[in-house]
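Enquirer: By the numbering used here, the letter at position 45 of the sequence shown is numbered 72, and the numbering carries on one by one without gaps. Virtual Cβ for every residue (Gly too), placed ideally from N, Cα, C. First the structure, then my questions, so here it is.
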Amino acid sequence: MKKSIFKVLGTAAAEVVPTVFCSCPVCDNARKKGGRLCRLRSGYAIDDVVRIDFGPDAQSQSSRFGLDGKALKYLFITHSHFDHFMPNDLECVRYLPEKLHFYGNAAVIKKIKEFYFAEKMDLHTLEPGDQVNVPELEMNVTALAAHHIPSEVALLYLLERGERRILIAHDTEYLPDDTLERLRGKMLSWIFFDGTWGEGDRGCGHMGIPAIRREMEKLRALGAADSNTRVYPVHLGHAHAAPQDALSMTPAYDGMEVEW
28 MKKSIFKVLG
38 TAAAEVVPTV
48 FCSCPVCDNA
58 RKKGGRLCRL
68 RSGYAIDDVV
78 RIDFGPDAQS
88 QSSRFGLDGK
98 ALKYLFITHS
108 HFDHFMPNDL
118 ECVRYLPEKL
128 HFYGNAAVIK
138 KIKEFYFAEK
148 MDLHTLEPGD
158 QVNVPELEMN
168 VTALAAHHIP
178 SEVALLYLLE
188 RGERRILIAH
198 DTEYLPDDTL
208 ERLRGKMLSW
218 IFFDGTWGEG
228 DRGCGHMGIP
238 AIRREMEKLR
248 ALGAADSNTR
258 VYPVHLGHAH
268 AAPQDALSMT
278 PAYDGMEVEW
(Lines of atoms letter the chains of each structure in order from A and count residues from 1; the text may use other names and numbers.)
(Lines give C-alpha, C1' and ligand atoms only; values in the text may rest on other atoms or scores of the structure.)
Protein backbone atom coordinates (compact mmCIF):
# COMPACT_ATOMS: atom_id res chain seq x y z
CA MET A 1 0.00 0.00 0.00
CA LYS A 2 1.38 3.39 -1.02
CA LYS A 3 1.97 5.81 1.84
CA SER A 4 -0.35 8.80 2.20
CA ILE A 5 0.13 12.08 4.03
CA PHE A 6 -2.45 13.16 6.59
CA LYS A 7 -1.99 16.89 7.13
CA VAL A 8 -3.45 18.99 9.93
CA LEU A 9 -4.52 22.31 8.40
CA GLY A 10 -5.84 24.08 11.48
CA THR A 11 -5.87 23.51 15.24
CA ALA A 12 -7.78 26.46 16.71
CA ALA A 13 -11.29 26.46 18.09
CA ALA A 14 -13.91 28.90 16.76
CA GLU A 15 -11.50 31.85 17.10
CA VAL A 16 -8.01 31.82 15.63
CA VAL A 17 -4.96 32.15 17.87
CA PRO A 18 -3.98 34.90 18.40
CA THR A 19 -7.45 36.42 18.17
CA VAL A 20 -7.74 40.02 16.99
CA PHE A 21 -8.37 42.41 19.91
CA CYS A 22 -7.75 39.68 22.54
CA SER A 23 -5.05 40.15 25.17
CA CYS A 24 -5.50 36.88 27.09
CA PRO A 25 -2.30 34.99 28.04
CA VAL A 26 -2.74 32.50 25.19
CA CYS A 27 -3.04 35.19 22.51
CA ASP A 28 -0.29 37.40 23.92
CA ASN A 29 2.03 34.40 24.14
CA ALA A 30 1.28 33.44 20.53
CA ARG A 31 1.90 36.99 19.30
CA LYS A 32 5.22 37.12 21.09
CA LYS A 33 6.55 33.70 20.08
CA GLY A 34 4.70 33.01 16.82
CA GLY A 35 5.38 29.78 14.95
CA ARG A 36 3.36 26.76 15.97
CA LEU A 37 1.48 28.74 18.62
CA CYS A 38 -0.40 30.62 15.87
CA ARG A 39 -3.44 28.60 14.83
CA LEU A 40 -6.14 28.69 12.16
CA ARG A 41 -9.46 26.89 12.45
CA SER A 42 -10.04 23.17 12.06
CA GLY A 43 -9.26 21.31 8.88
CA TYR A 44 -7.46 18.21 7.61
CA ALA A 45 -6.30 16.86 4.26
CA ILE A 46 -5.27 13.40 3.11
CA ASP A 47 -3.02 13.87 0.12
CA ASP A 48 -4.99 16.20 -2.16
CA VAL A 49 -7.89 13.78 -2.50
CA VAL A 50 -9.78 14.20 0.79
CA ARG A 51 -10.49 17.14 3.07
CA ILE A 52 -12.28 17.18 6.39
CA ASP A 53 -14.07 20.42 7.30
CA PHE A 54 -14.16 23.57 5.21
CA GLY A 55 -14.31 26.55 7.54
CA PRO A 56 -13.50 30.25 7.12
CA ASP A 57 -9.76 29.56 6.81
CA ALA A 58 -10.07 26.78 4.22
CA GLN A 59 -8.98 28.81 1.21
CA SER A 60 -5.99 30.36 2.96
CA GLN A 61 -5.01 26.91 4.25
CA SER A 62 -5.05 25.62 0.68
CA SER A 63 -2.58 28.33 -0.36
CA ARG A 64 -0.44 28.08 2.75
CA PHE A 65 0.09 24.34 2.45
CA GLY A 66 0.17 24.08 -1.34
CA LEU A 67 -2.89 21.88 -1.73
CA ASP A 68 -4.01 21.05 -5.26
CA GLY A 69 -7.70 21.87 -5.15
CA LYS A 70 -8.31 20.39 -8.59
CA ALA A 71 -7.44 16.96 -7.20
CA LEU A 72 -10.04 17.11 -4.41
CA LYS A 73 -12.67 14.38 -4.74
CA TYR A 74 -14.15 13.95 -1.24
CA LEU A 75 -15.13 16.53 1.37
CA PHE A 76 -16.36 15.47 4.82
CA ILE A 77 -17.91 17.98 7.24
CA THR A 78 -18.14 17.32 10.98
CA HIS A 79 -21.08 19.65 11.71
CA SER A 80 -22.70 22.91 10.68
CA HIS A 81 -20.95 25.40 13.00
CA PHE A 82 -19.27 28.19 11.05
CA ASP A 83 -15.72 27.35 12.12
CA HIS A 84 -16.08 23.94 10.43
CA PHE A 85 -18.41 24.71 7.55
CA MET A 86 -18.39 27.96 5.55
CA PRO A 87 -20.53 27.03 2.53
CA ASN A 88 -20.16 30.40 0.77
CA ASP A 89 -16.49 29.66 0.12
CA LEU A 90 -17.41 26.46 -1.72
CA GLU A 91 -18.73 28.43 -4.69
CA CYS A 92 -15.37 27.76 -6.35
CA VAL A 93 -16.37 24.09 -6.61
CA ARG A 94 -17.62 25.00 -10.07
CA TYR A 95 -14.02 24.89 -11.29
CA LEU A 96 -13.61 21.20 -10.50
CA PRO A 97 -13.49 18.89 -13.53
CA GLU A 98 -15.85 16.40 -11.82
CA LYS A 99 -18.56 16.59 -9.20
CA LEU A 100 -17.26 16.71 -5.63
CA HIS A 101 -18.44 13.98 -3.27
CA PHE A 102 -19.76 15.95 -0.28
CA TYR A 103 -20.56 14.28 3.05
CA GLY A 104 -22.18 15.60 6.21
CA ASN A 105 -25.01 15.16 8.66
CA ALA A 106 -28.58 16.17 7.84
CA ALA A 107 -28.08 19.75 9.06
CA VAL A 108 -25.01 20.21 6.87
CA ILE A 109 -26.73 18.77 3.79
CA LYS A 110 -29.78 20.96 4.34
CA LYS A 111 -27.56 24.03 4.57
CA ILE A 112 -25.52 23.34 1.42
CA LYS A 113 -28.71 22.77 -0.59
CA GLU A 114 -29.52 26.47 -0.11
CA PHE A 115 -26.71 27.36 -2.54
CA TYR A 116 -26.93 27.11 -6.32
CA PHE A 117 -23.54 25.44 -6.61
CA ALA A 118 -24.78 22.39 -4.68
CA GLU A 119 -25.66 21.00 -8.11
CA LYS A 120 -21.91 20.71 -8.71
CA MET A 121 -21.67 18.16 -5.89
CA ASP A 122 -22.89 14.67 -5.14
CA LEU A 123 -24.46 15.13 -1.71
CA HIS A 124 -24.38 12.28 0.81
CA THR A 125 -26.11 12.40 4.20
CA LEU A 126 -24.21 10.50 6.88
CA GLU A 127 -25.54 8.86 10.02
CA PRO A 128 -23.32 7.44 12.79
CA GLY A 129 -22.01 4.07 11.66
CA ASP A 130 -22.11 4.88 7.94
CA GLN A 131 -18.96 3.99 6.02
CA VAL A 132 -17.44 5.52 2.90
CA ASN A 133 -14.78 3.86 0.78
CA VAL A 134 -12.12 6.06 -0.80
CA PRO A 135 -10.54 3.75 -3.40
CA GLU A 136 -7.94 6.29 -4.52
CA LEU A 137 -6.32 6.05 -1.06
CA GLU A 138 -7.37 2.50 -0.15
CA MET A 139 -9.09 4.14 2.83
CA ASN A 140 -12.37 3.64 4.67
CA VAL A 141 -14.05 6.48 6.52
CA THR A 142 -16.58 5.75 9.28
CA ALA A 143 -18.86 8.43 10.69
CA LEU A 144 -19.23 8.30 14.48
CA ALA A 145 -21.50 10.23 16.83
CA ALA A 146 -20.18 13.11 18.90
CA HIS A 147 -21.83 14.68 21.97
CA HIS A 148 -21.68 18.34 21.05
CA ILE A 149 -24.97 20.19 20.50
CA PRO A 150 -28.65 19.18 20.86
CA SER A 151 -29.74 20.55 17.47
CA GLU A 152 -27.79 18.04 15.35
CA VAL A 153 -25.62 14.94 15.60
CA ALA A 154 -22.10 16.25 15.07
CA LEU A 155 -19.80 13.66 13.55
CA LEU A 156 -16.40 12.29 14.41
CA TYR A 157 -14.46 10.44 11.71
CA LEU A 158 -12.50 7.20 11.88
CA LEU A 159 -10.02 6.84 9.02
CA GLU A 160 -8.65 3.37 8.27
CA ARG A 161 -5.92 2.22 5.89
CA GLY A 162 -5.16 -1.42 6.55
CA GLU A 163 -4.32 -1.68 10.26
CA ARG A 164 -3.50 2.01 10.63
CA ARG A 165 -6.25 4.18 12.04
CA ILE A 166 -6.73 7.87 12.73
CA LEU A 167 -9.59 9.16 14.89
CA ILE A 168 -10.70 12.78 14.50
CA ALA A 169 -12.60 13.52 17.69
CA HIS A 170 -13.12 17.20 18.32
CA ASP A 171 -16.30 19.12 19.06
CA THR A 172 -17.46 16.52 21.53
CA GLU A 173 -17.73 16.53 25.33
CA TYR A 174 -17.00 12.81 25.52
CA LEU A 175 -17.24 9.69 23.36
CA PRO A 176 -20.85 8.42 23.45
CA ASP A 177 -21.44 4.76 24.29
CA ASP A 178 -22.41 3.94 20.69
CA THR A 179 -19.17 5.46 19.43
CA LEU A 180 -17.10 3.60 22.00
CA GLU A 181 -18.72 0.33 21.01
CA ARG A 182 -17.96 0.94 17.33
CA LEU A 183 -14.31 1.52 18.27
CA ARG A 184 -14.03 -1.65 20.35
CA GLY A 185 -11.03 -3.68 19.22
CA LYS A 186 -10.01 -1.15 16.56
CA MET A 187 -6.51 -0.22 17.67
CA LEU A 188 -5.99 3.47 16.98
CA SER A 189 -2.63 4.74 15.76
CA TRP A 190 -3.35 8.47 16.11
CA ILE A 191 -6.11 10.40 17.88
CA PHE A 192 -6.79 14.10 17.43
CA PHE A 193 -8.92 14.99 20.45
CA ASP A 194 -10.86 18.13 21.37
CA GLY A 195 -8.63 20.29 23.57
CA THR A 196 -10.75 23.45 23.72
CA TRP A 197 -10.37 24.01 27.46
CA GLY A 198 -6.64 23.30 27.73
CA GLU A 199 -6.05 22.06 31.27
CA GLY A 200 -9.64 22.96 32.17
CA ASP A 201 -12.67 20.67 32.46
CA ARG A 202 -15.69 22.82 31.61
CA GLY A 203 -17.86 20.49 29.49
CA CYS A 204 -20.35 22.44 27.34
CA GLY A 205 -19.84 20.19 24.32
CA HIS A 206 -16.06 20.35 24.40
CA MET A 207 -13.11 18.74 26.14
CA GLY A 208 -9.82 19.63 27.77
CA ILE A 209 -6.86 17.51 28.78
CA PRO A 210 -8.59 16.02 31.88
CA ALA A 211 -11.43 14.78 29.64
CA ILE A 212 -8.95 13.46 27.07
CA ARG A 213 -7.30 11.37 29.78
CA ARG A 214 -10.69 9.98 30.86
CA GLU A 215 -11.63 9.01 27.32
CA MET A 216 -8.24 7.40 26.76
CA GLU A 217 -8.85 5.12 29.76
CA LYS A 218 -12.10 3.98 28.15
CA LEU A 219 -10.41 3.35 24.79
CA ARG A 220 -7.62 1.34 26.39
CA ALA A 221 -10.18 -0.80 28.21
CA LEU A 222 -11.88 -1.52 24.86
CA GLY A 223 -8.67 -2.52 23.11
CA ALA A 224 -8.79 0.60 20.94
CA ALA A 225 -5.67 2.29 22.34
CA ASP A 226 -2.40 1.32 23.97
CA SER A 227 0.99 2.83 24.79
CA ASN A 228 1.76 3.20 21.07
CA THR A 229 -1.32 5.31 20.36
CA ARG A 230 -0.30 8.91 19.75
CA VAL A 231 -2.72 11.49 21.14
CA TYR A 232 -2.80 15.17 20.19
CA PRO A 233 -5.15 17.90 21.44
CA VAL A 234 -6.65 20.03 18.65
CA HIS A 235 -9.46 22.61 18.48
CA LEU A 236 -7.55 24.67 21.03
CA GLY A 237 -9.29 27.63 22.61
CA HIS A 238 -7.69 30.74 24.05
CA ALA A 239 -9.79 32.69 26.55
CA HIS A 240 -10.28 29.79 28.99
CA ALA A 241 -6.96 27.98 28.55
CA ALA A 242 -3.31 28.24 29.55
CA PRO A 243 -0.56 29.19 27.06
CA GLN A 244 -0.35 26.24 24.72
CA ASP A 245 3.39 25.70 25.06
CA ALA A 246 2.77 25.03 28.75
CA LEU A 247 0.18 22.25 28.42
CA SER A 248 0.78 18.86 30.02
CA MET A 249 0.01 17.15 26.69
CA THR A 250 1.73 18.18 23.45
CA PRO A 251 -0.89 19.55 21.04
CA ALA A 252 -0.98 19.24 17.27
CA TYR A 253 -0.02 22.28 15.21
CA ASP A 254 -1.00 23.75 11.86
CA GLY A 255 0.94 21.96 9.14
CA MET A 256 1.62 18.82 11.17
CA GLU A 257 1.96 15.73 8.98
CA VAL A 258 1.44 12.03 9.61
CA GLU A 259 2.75 9.54 7.08
CA TRP A 260 0.55 6.46 7.14
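When burial is assigned at 16 or more other CB atoms within 10 Å of the CB, is Q271 buried or exposed?
Expert: buried
Enquirer: Fully enclosed by the region 137 to 171, which beta strand (DSSP E) runs are 3 residues long or longer?
Expert: Within the region 137 to 171, the complete beta strand (DSSP E) segments of 3 residues or longer fall at 148 to 152 and 158 to 161, listed in chain order.
Enquirer: Which residue comes first and which comes last in the beta strand (DSSP E) that contains D221?
Expert: Taken as a continuous stretch (DSSP letters only), the beta strand (DSSP E) holding D221 covers W217 to D221.
Enquirer: State the DSSP-derived secondary structure class of Y201, mapped to helix, strand or coil.
Expert: Shown here, Y201 sits in coil according to DSSP, grouped into three states, outside any helix or strand.
Enquirer: Is it the case that the Cβ atoms of R192 and L186 are separated by a distance below 8 angstroms?
Expert: If you check the CB distance, R192 and L186 come in under 8 angstroms.
Enquirer: Identify whether E118 lies in helix, strand or coil by the three-state DSSP scheme.
Expert: helix
Enquirer: Among L150, F33 and L263, which one has its Cα closest to the Cα of A134?
Expert: L150
Enquirer: In terms of DSSP beta bridges, what is P260 paired with?
Expert: According to DSSP, P260 bridges with F220.
Enquirer: Could you work out which residue in V120, P114 and F103 is closest to A181 when comparing CA atoms only?
Expert: F103
Enquirer: Of the residues K29, L94 and G227, which one's Cα is nearest the Cα of M276?
Expert: G227
Enquirer: Which residues share a DSSP beta bridge with I193?
Expert: L186 and W217
Enquirer: Tell me L127's beta-bridge partners as DSSP assigns them.
Expert: M148
Enquirer: Go to L246, then tell me how far its alpha helix (DSSP H) extends in each direction, as first and last residue.
Expert: I236 to A248
Enquirer: Check whether the region 139 to 149 touches the region 61 to 74, taking contact to mean three or more Cβ pairs, one atom from each stretch, closer than 8 angstroms.
Expert: no
Enquirer: Can you have a look at N56 and say buried or exposed, based on whether 16 or more other CB atoms are within 10 angstroms of its CB?
Expert: buried
Enquirer: Using only the alpha-carbon positions, how far apart do I218 and A252 sit?
Expert: Taking the CA atoms as reference points, I218 sits about 9 angstroms from A252.
Enquirer: What does a CB cutoff of less than 6 angstroms around E284 pick up in its chain, not counting 5 residues either side in sequence?
Expert: I32 and K34
Enquirer: With H, G and I counted as helix, E and B as strand and the rest as coil, what does DSSP make of K34?
Expert: DSSP places K34 in strand when its eight states are reduced to three.
Enquirer: Looking at the structure shown, is R68 part of a helix, part of a strand, or coil, going by DSSP?
Expert: strand
Enquirer: Count the CB pairs spanning the region 106 to 113 and the region 202 to 213 that are closer than 8 angstroms, and state whether there are at least three.
Expert: no
Enquirer: CA-CA distance, E165 and K30?
Expert: 10 angstroms
Enquirer: Can you tell me where the beta strand (DSSP E) with V77 in it begins and where it stops?
Expert: From DSSP, the beta strand (DSSP E) with V77 extends over V77 to I79.
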